[in-house]
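Residue numbers (full-length UniProt numbering): 1 to 124.
Heads up: the structure comes next, in structure tokens.
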Amino acid sequence: MALIYLLLLPIFITILVVITVSRFLTTSAASKHRSPPLPPGPKPWPIIGNLPHLGKQAHISLQHFSQLYGPLISLRLVSQLLVVASSPAAAAEILRTHDRLLSARYVSTGLPYDMMELDLKAIV
Numbered sequence: 001m002a003l004i005y006l007l008l009l010p011i012f013i014t015i016l017v018v019i020t021v022s023r024f025l026t027t028s029a030a031s032k033h034r035s036p037p038l039p040p041g042p043k044p045w046p047i048i049g050n051l052p053h054l055g056k057q058a059h060i061s062l063q064h065f066s067q068l069y070g071p072l073i074s075l076r077l078v079s080q081l082l083v084v085a086s087s088p089a090a091a092a093e094i095l096r097t098h099d100r101l102l103s104a105r106y107v108s109t110g111l112p113y114d115m116m117e118l119d120l121k122a123i124v
């Protein structure tokens, strides 16, 4: 019985090394293909994102962020990424160069599509 274990040990070690090397290569390859960097912004909290940073008067907080981080600010509001253009030049540039990407409207799955169904469902 011990002889079988001694014969299987090199096979087990080989499989373990192959799995470890393949995981290392896939994680290093995935880190090279990341999305482009986001504009600067305040560091988000783990679950709620930047909601506490906005406060009661969001427009004043956004003005303060634009003075700190520049005309483009990235914020994370819970699970949604929000990029704010705080200058007319930045907004015009975004709308000119990325107009096709921004023309699609996000439809929430929490609300019904048909407005006639709205009275039959409760919004929580």
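Glycine included, every Cβ here is placed at the ideal spot set by N, Cα and C.
Owing to the predicted nature of the structure, the values given are computational and were not obtained by experimental measurement.
Item to check | Given I47 as reference, the closest of L25, Q63, L75 once Cα atoms are compared | outcome: L75
Next on the checklist: According to DSSP, simplified to helix, strand and coil, what is V18?
Outcome noted: helix
Checklist entry - How many Å lie between L9 and L25 at the Cα? => result 24 Å
Next on the checklist: Counting beta carbon pairs with one atom in the region 13 to 22 and one in the region 43 to 57, are three or more of them shorter than 8 Å?
Outcome noted: no
Checklist entry - Based on Cα-Cα distance, which residue from Y69, S35, Q63, V21 lies nearest to K43? => result Y69
Item to check | Ordered list of alpha helix (DSSP H) runs contained in the region 32 to 91, each at least 4 residues | outcome: 51 to 54, 58 to 69
Item to check | Euclidean distance between Cα positions of L102 and A85 | outcome: 13 Å
Checklist entry - Once you ignore the five residues that flank P52 on each side, which residues in its own chain have a CB closer than 6 Å to its CB? => result none
Checklist entry - What separation, rounded to the nearest whole angstrom, lies between the Cα atoms of I73 and T27? => result 29 Å
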